[in-house]
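Numbers 16 to 498, taken from the numbering used here, label the letters of the sequence shown in order.
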Amino acid sequence: MQNIIPKPHTVMAAPGVFRSRPLTRIVVNSADPFVVGIARQLADALVPVAKQPLPVSDGPAREGDISLALTAHASVGSEGYLLTVTPTEILIRAFAPAGLFYGTQTLRQLLPPSIPGAEKGGWEVAAGSIHDVPRFAYRGAMLDVARHFIAPRDIKKYIDIIAAYKLNHLHLHLTDDQGWRIEIRSWDKLATHGGSTSVGGGAGGYYTQAEYRDLVEYAASRHVTIVPEIDMPGHTSAVLSSYPELNRDGIAPALYTGVQVGFSSLDADKEITYAFVEDVVREIAALTPGPYIHIGGDEAQATPTDDYVRFIERVQGIVNACDKQMMGWEEIGQARLDPSTVAQHWNGAQTRAVIKQALKLVLSPATFTYLDMKYDAATHLGQDWAGELDVKKAYDWEPTRLLDGIYEQDILGVEAPLWTETISTLDEIEYMAFPRLLGIAEIGWSQPDGQNWEEYSARLAAHGPRLRQMGVNFFAASQVDWK
Ligand code: ACM
């Protein structure tokens, strides 16, 4: 029980082991489709170990079963769980279904990634008990699918991996100067024209609304909430190229395939701008069961400050009218914000204006969480404007010590963005994200006492075979003594 990432709240080893029986089943005491789905996912995940899917049953549990039960006290919260392994049973208890999901993720890590050989494997788990609850409610990763389009099947694999490390939000940066990646039925050229290319001028792509709904459902079955971002008023060249009437001079620019930022802007003075925003936000909200719609708001250097403030305040009203909470990059702190709005810190410049309004923050400090930063000077992908980010640095930081005047209660959570100016394949995404994202997942979930690189890196080493088993092209950094 010593190699779990993120580190659980409390782990107690006990004598003995649980050995699988020929008739070991996964028993669930709930007909909730999400819970039954968790049991099936566990059965599938154990195939490399158990050699065949374990049967899923509604019980009652008997000796030798794995039980998932919604019987824990409310004090474990909406995501916490209790995992007990004895020689006669494995029992995961939670108060809410998400806790059962996380209990099964922990159980997977207690088993070897695979047991080669034997047709029908016996397997065992050392006895003990784990009591686990997350530190922060929001634990996220972000993919920039705008600079380079990322296909739905690749997004699904990323969701599988992040969910295994107990991240619960996937922020999709759906639009930028170089591409618009989601079908909007009322403004169809956004996707068909604005989504037709990418950085470097290669092929583009976009998600149909049906594909996007499927992604949202897939994520939900792994307790991951998709946070859609429509970036505005800057980062909008693909919009402006698709609709001349949104431009101040009525002339649509050519599609943009470079990597500059801060040159495009929606026009805060034009009424049609807000008609556009209302239509897009309405369609995105209808695709979004989660609470947040992210409106970007970063790097609007081409928008005069007065216009920017007026624009953000009006867009916030549009988002709230769709019963959603607005999220935006820290620059939105210049506007007067609703208490429900969440700001995302990335480089510090305007975070103080957010704190003054007592809003909740998601922390994505570029120096510690931007997964597109190079590991070191030899990394062939990525950028280095926020410095190099090695595996130790991505783990070894503390949210409450990031900025003066930010305390635990101001922090909704952490998120690790991966921008894709230099990255175009899933292999490259995995190389940049892993293993650094595991360190950030631990910061989001685990208590800070005992944070220790030596101890963590030994645990991380044990995840090399696990990541390989999942087919993850991770960077085997020399800072870690990999197994
Ligand atoms: C950002 O990196 N422009 C949020």
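Virtual Cβ for every residue (Gly too), placed ideally from N, Cα, C.
Notebook entry, point to check: Looking at Glu244 and the ligand GTP, is the gap between the Cβ and the nearest heavy atom below 7 Å?
Noted result: Questions concerning the ligand GTP fall outside what the structure shown contains, since the ligands it does hold are the ligand ACM.
Item checked: Cutoff 7 Å; reference Ala300; Cβ partners in own chain excluding five residues on either side -> For Ala300, where only same-chain residues beyond five positions count, the Cβ hits under 7 Å are Ile308, Cys337 and Lys339.
Check: Closer than 7 Å: is that where the CB of Glu436 sits relative to any heavy atom of the ligand ACM?
Finding: Result no, Cβ not under 7 Å from the ligand ACM.
Item checked: N-terminal and C-terminal residue of the alpha helix (DSSP H) that Thr251 is part of -> Membership of Thr251 in any alpha helix (DSSP H) is not indicated, and neither H nor E is assigned to it by DSSP.
Checklist line | Contact set, the ligand ACM heavy atom to C-beta under 6 Å | finding: Qualifying residues come out as Asp313, Glu314, Trp344 and Trp361.
Next item on the list: In the DSSP assignment, find the unbroken alpha helix (DSSP H) run with Gly454 in it and report its ends.
Entry: Annotation: the continuous alpha helix (DSSP H) that includes Gly454 extends over Arg451 to Trp460.
Notebook entry, point to check: Can you give, in chain order, each stretch of the beta strand (DSSP E) that sits fully within the stretch 30 to 82 and has at least 3 residues?
Noted result: You should have 41 to 43.
Notebook entry, point to check: Is it right to say His250 is buried, meaning 16 or more other beta carbons lie within 10 angstroms of its own, or is it exposed?
Noted result: Looking at its Cβ environment, which holds 16 or more other Cβ atoms inside 10 Å, His250 is buried.
Margin query: Taking 7 Å as the limit between beta carbons, can you name the residues of its chain near Met447, skipping five residues before and five after?
Written below: So the list reads Leu386, Asp387, Leu396, Gly397, Leu433 and Ile438, once near-sequence residues are dropped.
Notebook entry, point to check: Alpha carbon to alpha carbon, what distance is there between Gln275 and Gly363?
Noted result: Looking at the two C-alpha atoms, the distance is approximately 21 Å.
Check: What are the uninterrupted segments assigned as alpha helix (DSSP H) that are 4 or more residues long and contained completely in the stretch 359 to 432, given in chain order?
Finding: Counting only runs of 4 or more, we get 366 to 371, 381 to 384 and 406 to 410.
Note to self: Please confirm whether Leu396 has its beta-carbon closer than 8 Å to some beta-carbon of chain E.
What the structure shows: The structure shown has no chain E; it contains just one protein chain.
Notebook entry, point to check: Could you check where the alpha helix (DSSP H) with Val148 kicks off and where it finishes?
Noted result: It is not in any alpha helix (DSSP H) - Val148 carries neither H nor E in the DSSP assignment.
Checklist line | Cβ-Cβ distance between Val369 and Gln494 below 8 Å | finding: Contact: no.
Note to self: Between the alpha carbons of Arg108 and Phe151, how many angstroms are there, rounded?
What the structure shows: For Arg108 and Phe151, the distance between alpha carbons rounds to 20 Å.
Next item on the list: Could you name the residues of the same chain whose beta carbon sits closer than 8 Å to that of Gly52, not counting the 5 residues immediately before and after it, in chain order?
Entry: Excluding positions up to five away in sequence, the list reads Ser236.
Next item on the list: Would you kindly work out how many angstroms separate the C-alpha atoms of Ile327 and Phe110, rounded to a whole number?
Entry: Rounded to whole angstroms, Ile327 to Phe110 spans 39 Å at the Cα level.
Margin query: Please list the terminal residues of the continuous beta strand (DSSP E) segment that includes Tyr307.
Written below: Where Tyr307 is concerned, the enclosing beta strand (DSSP E) stretches over Tyr307 to Gly311.
Check: Straight-line CA distance for Leu6 to Pro23?
Finding: What is shown of the chain runs 16 to 498, which leaves residue 6 out entirely.
Check: Alpha carbon to alpha carbon, how far is Ile177 from His238?
Finding: Going by the C-alpha atoms only, they are around 10 Å apart.
Checklist line | Distance, Lys66 Cα to Arg77 Cα | finding: Distance between the alpha carbons of Arg77 and Lys66: 21 Å.
Check: Quick one: what's Met27 bridged to in DSSP?
Finding: Looking at the DSSP assignment, Met27 forms a beta bridge with Ser144.
Check: Arg108 by DSSP, collapsed to three states: which one?
Finding: Residue state, collapsed to three classes: strand.
Notebook entry, point to check: Does DSSP classify Leu85 as helix, strand or coil?
Noted result: In the structure shown, Leu85 falls within a coil segment according to DSSP collapsed to helix, strand and coil.
Notebook entry, point to check: Which word fits Trp400, buried or exposed, when buried means at least 16 other C-beta atoms lie within 10 angstroms of its C-beta?
Noted result: With fewer than 16 Cβ atoms within 10 Å of its Cβ, Trp400 is classed as exposed.
Check: Mind checking whether Val292 and Val330 have CB atoms under 8 Å apart?
Finding: A contact, by the Cβ cut-off of 8 Å.
Item checked: From Arg451, Gly215, Ala142 and Trp202, residue whose alpha carbon lies closest to that of His163 -> When Arg451, Gly215, Ala142 and Trp202 are compared, the shortest CA-CA separation from His163 is found for Gly215.
Check: Which of helix, strand or coil does DSSP assign to Ala269?
Finding: DSSP, read as helix, strand or coil, puts Ala269 in coil.
Margin query: I need the boundaries of the beta strand (DSSP E) containing Met485, first residue and last residue.
Written below: In the DSSP assignment, Met485 falls outside any beta strand (DSSP E), carrying neither H nor E.
Next item on the list: Give every residue of the same chain whose Cβ lies closer than 7 Å to the Cβ of Asp425, excluding the five residues on either side of it in the sequence, and list them in chain order.
Entry: These residues qualify, in order along the chain: Ile370, Lys375 and Leu376.
Next item on the list: Would you check if there are 3 or more beta carbon pairs closer than 8 Å linking the stretch 137 to 148 to the stretch 83 to 99?
Entry: Three or more beta-carbon pairs separated by less than 8 Å link the stretch 137 to 148 to the stretch 83 to 99, which places the two stretches in contact.
Checklist line | Endpoints, alpha helix (DSSP H) assigned at Gly332 | finding: Segment Thr320 to Ala336, the alpha helix (DSSP H) holding Gly332.
Checklist line | Counterpart residues of Gly155 in DSSP-defined beta bridges | finding: His184 and Glu430.
Checklist line | Simplified DSSP state of Val261, which is helix, strand or coil | finding: The sequence as given places Leu at residue 261; Val does not occur at that position. Three-state DSSP puts Leu261 in a helix.
Next item on the list: Can you have a look at Asp192 and say buried or exposed, based on whether 16 or more other CB atoms are within 10 angstroms of its CB?
Entry: By the 10 Å Cβ count, Asp192 comes out buried.
Item checked: CA nearest to the CA of Asp246, picked from His186, Gln349 and Val91 -> Checking every option, the nearest Cα to that of Asp246 belongs to His186.
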